[in-house]
Amino acid sequence: MARIAPLSGFPEWLPDGRVVEQHVLDTLRRTFELHGFAGVETRAVEPLDQLLRKGETSKEVYVLRRLQADDDDTAAVDRSAQLGLHFDLTVPFARYVLENAGKLAFPFKRYQIQKVWRGERPQDGRFREFAQADIDVVGAGELPYHFEVELPLVMAAALGALADVGLPPVRILVNNRKVAEGFYRGLGLEDVDGVLRNIDKLDKIGPDAVAELLGTECGATPEQAKACLELAGLSGSDASVIDAVRALAAANGASNELLETGLAELGALIEAAAERAPGVVVADLKIARGLDYYTGSVYETVLVGHEGLGSICSGGRYDTLASDGKNTYPGVGLSIGVSRLVSRLLSAGLVRATRGVPTAVLVAVSTEAERAASDAVAAALRARGIPADVAPKAAKFGKQIQFADRRGIPFVWFPGETHQVKDIRSGEQVDADASAWQPPAEDWWPRVVPAV
């Protein structure tokens, strides 16, 4: 058989890595549910025209086409009939809300954990297929601003719950699109979406390149581009950043009502976050988010000390993404790239699994003729919720112990007239009864712990 070439961008964890990923997913799910979010799952595909209707995503979408499709298949030429794999969970969730609005109670709080697909160039921490975890709150007709404050704090709690297994501290960077739009319009710039998209590239290409793009693509004068970059350079975790924006706007004649509305909202978020999660939420005026359906608060999250990874969690407020023409369902949401996060935890050696298999006890086999006795012991342990397996063959006990050790299984059970169980780490061996003995709590299931 020819050597199989690896396919980049599609992560496949080894068992130990899968334990880490599952722990992250379970922790997120538990935290989301503690805050009242209900779980949903949507289909993997959406009509292509729906996937492409917002933002610069046309190069990222994987299009589906049947292998045996006829040459004159309308789906091959009619984009409205084509299907694509979803590149995020927000667009399918908007469709889900519209289709089920009559059955949902608003405001509707949901979390969703699924795979998504993006046809971008794979690189460190960026994949073509990856697990994503979203939380959103959607209202019918209106959605109070306090949910824009609640969402980043829930996400901070979810990520903070992973600190005990080695996740570095997180910092949630926030901005408000009303601040940016009000400031840009106050400067006299009309292509607000274009300015936002280019400011969003600041960390990737630098201020000089962004200033050039603002001039060539958005019609900004050098003075206007300079003011936009000065706004993007402001940050802070208290009300002083709001004062700094006002001062910059006044100096450039950019003050207006929309800017003041955005500053009031951003200030309320910073004030609430400083009280409930000190140091976690920071106003950063360069946060723009490239997708154009955001209308209010926008968020990006970095790992402190690992900022080079980029944002591991992002999102924002959207007022018009979900609308059927008669009714509008505004919402606010945040999304974690789980695979991106797990990749960094593993590659940086920050966490490890205590073992890669669920088995806590390997039941040895004396002879193949006595395998039934070993099976009975394993069945008795499993009936009490203890994960157990039976040795694959009746080798010498030393080799069966080696088999367990290679897999990280902590205990080996020796059946016979007097049953005994051995902790192969310490060498301690004691008499045991399968109807009563149990491993220590920390050995019952695989755990995720900080790497040392």
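Heads up, my numbering is the position in the sequence shown plus 303, with the first residue counted as 1. Positions of the beta carbon are idealized from the N, C-alpha and C atoms, including for glycine. As the structure is a prediction and not an experimental result, all values here were calculated from the model.
Spatial neighbours of residue i in its chain, beta-carbon cut-off 6 Å, leaving aside the 5 residues before and after
i, result
"ASP692", "THR662, LEU665"
"ALA576", "VAL584"
"LEU624", "ALA397, TYR596"
"ILE590", "LEU476, ASN478, VAL601, GLU603"
"ASN501", "VAL513, LEU516, LEU517"
"LEU465", "THR330"
Cβ neighbours of residue i in the same chain (closer than 8 Å, five flanking residues each side left out)
i, result
"THR524", "GLY518"
"LEU653", "GLY469, LEU470, PRO471, ARG647, PRO753, ALA754"
"ALA512", "LYS504"
"LEU367", "VAL348, GLN385, LEU386, GLY387, LEU388"
"LEU392", "THR345, GLN415, GLN417, VAL419, GLN435, ASP437, SER638"
"LEU588", "ASN478, VAL482, ALA483, LEU534, ALA535, GLY536, LEU537, SER538, VAL544, VAL548"
"GLU363", "PHE390, ARG421, GLY422, GLU423"
Rounded separation between residue i and residue j - CA only
i, j, result
"ARG579", "ASP622", "26 Å"
"PHE433", "VAL452", "28 Å"
"GLY431", "ASN559", "Sequence inspection shows Arg at residue 431; the Gly mentioned does not correspond to that position. Rounded to whole angstroms, ARG431 to ASN559 spans 42 Å at the Cα level."
"GLY539", "ILE416", "32 Å"
"GLY387", "PRO395", "11 Å"
"GLY719", "ARG709", "24 Å"
"GLY442", "ALA547", "33 Å"
"ALA408", "GLY634", "14 Å"
"GLY618", "GLY711", "40 Å"
"PHE411", "LEU516", "40 Å"
"TYR399", "THR345", "7 Å"
"GLY688", "PRO713", "16 Å"
"THR564", "ARG321", "45 Å"
"GLN723", "PRO742", "13 Å"
"ARG306", "PRO314", "19 Å"
"ALA571", "VAL544", "12 Å"
"ALA460", "PRO318", "27 Å"
"SER642", "LEU351", "25 Å"
"GLY312", "GLY556", "47 Å"
"GLU402", "TRP716", "55 Å"
"LEU566", "TYR448", "13 Å"
Closer than 7 Å to chain C by CB, residue i
i, result
"GLY387", "Looking at the structure shown, chain C is missing, and only one protein chain is on hand."
For residue i, the first and last residue of its enclosing beta strand (DSSP E)
i, result
"THR670", "No beta strand (DSSP E) holds THR670; DSSP gives it neither H nor E."
"GLY444", "That residue, GLY444, is in no beta strand (DSSP E); it is neither H nor E in DSSP."
"SER729", "Unbroken run through SER729: none, as it is neither H nor E."
"ALA586", "584-587"
"TYR399", "Unbroken run through TYR399 is the alpha helix (DSSP H), 393-403; no beta strand (DSSP E)."
Coil, strand or helix - residue i by DSSP
i, result
"LEU337", "helix"
"ALA651", "coil"
"GLU563", "helix"
"LYS412", "strand"
"ALA737", "coil"
"ASN501", "helix"
"TRP716", "strand"
"TYR487", "helix"
"GLY570", "helix"
"ALA347", "coil"
"ALA514", "helix"
"ILE307", "coil"
"ARG474", "strand"
"GLY613", "coil"
"ALA683", "helix"
"GLN325", "helix"
"GLY774", "Since the displayed the chain opens at 304 and closes at 755, residue 774 lies outside it and no answer follows."
Own chain partners of residue i with C-beta closer than 7 Å, once the 5 adjacent residues on each side are dropped
i, result
"VAL323", "VAL645, LEU648, LEU649, VAL654, ALA656, VAL751"
"ASP541", "ILE573, ALA577"
"GLU445", "PRO633"
"ALA552", "PHE486, GLY489, SER558, LEU562"
"GLY582", "SER540"
"ALA707", "LEU665, VAL715, ILE727"
Start-to-end residues for the alpha helix (DSSP H) that takes in residue i
i, result
"SER543", "543-554"
"PRO525", "525-535"
"VAL452", "449-463"
Contact between the stretch 523-531 and the stretch 456-476 (3+ Cβ pairs under 8 Å): Under the 8 Å Cβ criterion, the stretch 523-531 does not count as touching the stretch 456-476, having fewer than three qualifying pairs.
Cβ contact check for the stretch 619-638 and the stretch 730-738: 3 or more pairs under 8 Å: As far as the Cβ criterion goes, the stretch 619-638 does not touch the stretch 730-738, which means the pair count is below three.
Contact the stretch 332-345 vs the stretch 478-492: 3+ CB pairs below 8 Å: no
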